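In our numbering, the protein residues as written are 7 to 566. In this text, a Cβ means the ideal position worked out from N, Cα and C, and glycines have one as well. Quick caveat: nothing in here was measured; it's all calculated off a predicted structure.
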RNA sequence: GUCCCAGUAGCUCAGCUGGAUAGAGCAACGGACUUCUAAUCCGUAGGUCGGGGGUUCGAAUCCCUCCUGGGACACCA
């Protein structure tokens with residue numbers, strides 16, 4: 007990475023180590039191991055461009071007060087290739103470094119040069135990672151929880167890609183097992199009801215309106231010709247038709263949401279190819295199963311769970327858990343070095359035994375990472391929108407897209423960290439005002455585009471070669487440049503922490519700094535040199551806003 | 001009962017792999033458009049970081065305990 011901040015930071019770290027060594031050599035410090043210390047950009051800019059806690063962490067073993075240690079280190083400190091202007095000892099023993107005021111200015115040219123690649127880092131080193139998300143049952147519509155999962159998963163995948171991982175997005179289709187049987191029964195009931203037969207929906211059937219529509223579509227195609235055939239045959243045909251339609255609908259909703267998968271993986275495939283059976287055999291062979299009451303159990307307790315889990319029911323059919331183990335084993339067999347699952351928090355009980363099963367099969371449980379996300383609360387008119395699956399009263403992804411638009415929806419679903427409940431305020435997401443963070447950010451981008459096109463119209467910058475960035479000396483400009491420079495670090499952090507909300511927040515802050523600058527100074531001014539420098543600055547801001555928004559799946563319009 | 005998540009400004013939330021005076025947006029209050037987009041900006045006010053103990057140079061952050069809210073504990077998925 008040739009990022010200015012990283013280079014400078016590493017330079018200071020090395021120089022600090024050398025300084026401590028020199029102090030030890032000249033007996034100013036006792037022989038000691040250098041503990042872990044940090045060199046960070048302080049939150050307060052009054053604390054310099056970099057600050058280190060090295061004196062404080064050395065204090066104990068050096069048997070000297072932190073500020074004395076700091077003095078010793080500073081007196082031995084030497085650095086040549088980084089423009090440090092001042093070093094001071096502050097607070098309880100921090101050493102603060104102040105760099106030349108325009109040390110970050112070159113980042114503007116880096117950004118313009120790298121364009122949409124600016125911010126790309128390589129902490130992933132090409133590691134093969136799979137992100138699996140949404141994977142909702144293909145028996146219904148996508149709801150708010152699925153929507154949050156989609157936004158989070160897609161954004162995490164994008165960020166990991168940008169951070170140098172080799173990422174694949176996957177959707178697991180639960181097209182087998184109990185709930186499909188159940189689905190088939192419900193479809194059959196609706197089918198028969200349509201032709202006037204007096205059958206009623208089972209208590210645990212699918213009561214949603216959407217499957218009536220699906221059955222109507224089926225009837226439009228096939229009419230009543232399955233009225234008289236054997237029930238098993240009828241259900242089979244119905245469920246084939248319905249699954250195809252449902253999955254196509256889900257795929258379309260997700261595409262409308264800006265989410266595109268690399269792979270759709272069928273659970274049925276696992277059963278048909280004997281992968282589930284083979285996996286259970288393998289667990290048996292390894293001694294992690296036993297039989298009890300006619301069922302085959304997995305010894306989850308050996309892996310820290312509080313109870314064991316059934317793999318094959320007494321009736322001979324494998325459980326969802328068994329299929330899921332086979333599925334995850336298959337992921338590793340496909341060559342993924344790291345696997346990320348995004349699940350609703352209501353599945354958290356599943357995590358421990360899934361990891362246990364992976365360990366039982368000889369995989370590292372750390373290679374399977376489960377991100378749990380908390381629930382979504384919809385708020386409209388200051389009231390929580392009550393939803394219930396039983397009555398079919400749910401707000402779907404398509405409906406929310408229709409109502410608030412894709413950009414607002416994408417942004418709102420990732421603006422909070424996954425492990426906090428998300429309050430989704432529909433009125434706010436819809437409002438085209440300054441309260442709405444999405445518009446705030448997009449507006450900054452549009453404003454810049456407007457300035458750039460105006461400058462282009464004037465045409466007097468054509469024969470200028472390189473901007474003189476030293477002309478950018480206002481505090482608002484320096485703050486803006488610093489924010490731009492920090493973007494690659496922000497990407498690294500967001501990737502490591504699987505935290506898209508950090509990028510969302512970053513974009514908002516960057517837009518804020520731009521708006522402040524915009525209101526305080528004009529970009530296009532009579533001084534052509536200064537205009538040219540400011541145009542370079544705002545062009546860089548535009549690029550970074552675009553790149554950041556891209557990572558969270560939000561567009562950056564040129565005009566609004 | 002066991003486990004997971006949360007509790008930070010009036011509201012919604014950052015900060016949590018320990019750092020300096022705890023932040024942002026909204027709401028409230030007071031200002032700024034003869035200007036490249038006012039969908040903007042500037043300023044003011046707002047806090048026992050759920051309570052209590054501990055660890056240490058230093059705790060919103062780590063440990064213990066208690067309280068509150070949400071969720072999970074099926075031969076469902």
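Separation of residue j from residue i, as counted between CA atoms
i: residue 201; j: residue 418; result: 45 Å
i: residue 272; j: residue 349; result: 18 Å
i: residue 41; j: residue 125; result: 31 Å
i: residue 142; j: residue 230; result: 31 Å
i: residue 58; j: residue 20; result: 12 Å
i: residue 548; j: residue 498; result: 20 Å
i: residue 509; j: residue 420; result: 9 Å
i: residue 236; j: residue 337; result: 38 Å
i: residue 101; j: residue 15; result: 13 Å
i: residue 166; j: residue 346; result: 11 Å
i: residue 267; j: residue 203; result: 41 Å
i: residue 207; j: residue 227; result: 23 Å
i: residue 44; j: residue 368; result: 37 Å
i: residue 404; j: residue 490; result: 35 Å
i: residue 156; j: residue 139; result: 6 Å
i: residue 301; j: residue 313; result: 15 Å
i: residue 512; j: residue 379; result: 21 Å
i: residue 263; j: residue 158; result: 12 Å
i: residue 475; j: residue 538; result: 9 Å
i: residue 289; j: residue 359; result: 13 Å
i: residue 452; j: residue 433; result: 23 Å
i: residue 532; j: residue 438; result: 34 Å
i: residue 436; j: residue 449; result: 15 Å
i: residue 411; j: residue 386; result: 16 Å
i: residue 299; j: residue 305; result: 15 Å
Close beta carbons around residue i, own chain, < 8 Å, minus the five adjacent residues each side
i: residue 534; result: 466, 467 and 470
i: residue 172; result: 130, 132, 133, 134 and 135
i: residue 252; result: 144, 145, 146 and 220
i: residue 276; result: 182, 282, 329, 332, 333 and 336
Residues bridged to residue i (per DSSP)
i: residue 384; result: 430
i: residue 350; result: 379
i: residue 345; result: 136 and 374
i: residue 336; result: According to DSSP, which records beta bridges pairwise, residue 336 is partnered with nothing at all.
i: residue 402; result: 149
i: residue 408; result: Paired residues: none, contrary to the question.
i: residue 390; result: 385
Segment limits, beta strand (DSSP E) that includes residue i
i: residue 370; result: Looking at the DSSP string, residue 370 is not in any beta strand (DSSP E), and its letter there is neither H nor E.
i: residue 172; result: 172–179
i: residue 1; result: Nothing about residue 1 can be reported from this structure: the residues present for the chain run from 7 to 566 only.
Alpha helix (DSSP H) segment containing residue i, residue limits
i: residue 572; result: No information on residue 572 is available, as it lies outside the stretch 7 to 566 that the chain covers here.
i: residue 212; result: Where residue 212 is concerned, there is no enclosing alpha helix (DSSP H), given that its DSSP letter is neither H nor E.
i: residue 518; result: 506–526
i: residue 17; result: 10–31
i: residue 186; result: 184–200
i: residue 273; result: 273–278
Proximal residues to residue i (C-beta, below 6 Å), its chain only, five neighbours per side dropped
i: residue 413; result: 444, 560 and 561
i: residue 515; result: none
i: residue 552; result: 562
i: residue 327; result: 315
i: residue 390; result: 383
i: residue 455; result: 564
i: residue 22; result: 60
i: residue 96; result: 102
i: residue 164; result: 557
i: residue 324; result: 282 and 318
Own chain, CB closer than 7 Å to residue i, minus 5 neighbours either side, in chain order
i: residue 402; result: 147, 148 and 149
i: residue 342; result: 134, 135 and 136
i: residue 423; result: 505 and 507
i: residue 127; result: 7, 169, 170, 494, 497 and 498
i: residue 82; result: 25, 28 and 29
i: residue 265; result: 156 and 160
Only counting runs of 3 or more residues, tell me where the beta strand (DSSP E) segments fall wholly within the stretch 44–115, in order along the chain.
-> Restricted to the stretch 44–115, the beta strand (DSSP E) segments that are unbroken, complete and at least 3 residues in length are 56–58, 90–96 and 100–105, listed in chain order.
Could you name each continuous beta strand (DSSP E) segment of 3 residues or more that falls completely within the stretch 292–329, going from the start of the chain to the end?
-> The qualifying runs are 295–298, 301–304 and 315–318.
Output the residue ranges of the alpha helix (DSSP H) runs that lie fully inside the stretch 412–494 and measure 4 residues or longer, sorted by chain position.
-> As far as the stretch 412–494 is concerned, its whole alpha helix (DSSP H) runs of at least 4 residues are 412–420, 432–436, 443–464 and 481–491.
Contained alpha helix (DSSP H) runs [length at least 4] in the stretch 244–271, N- to C-terminal order | List check, alpha helix (DSSP H) in window: nothing returned.
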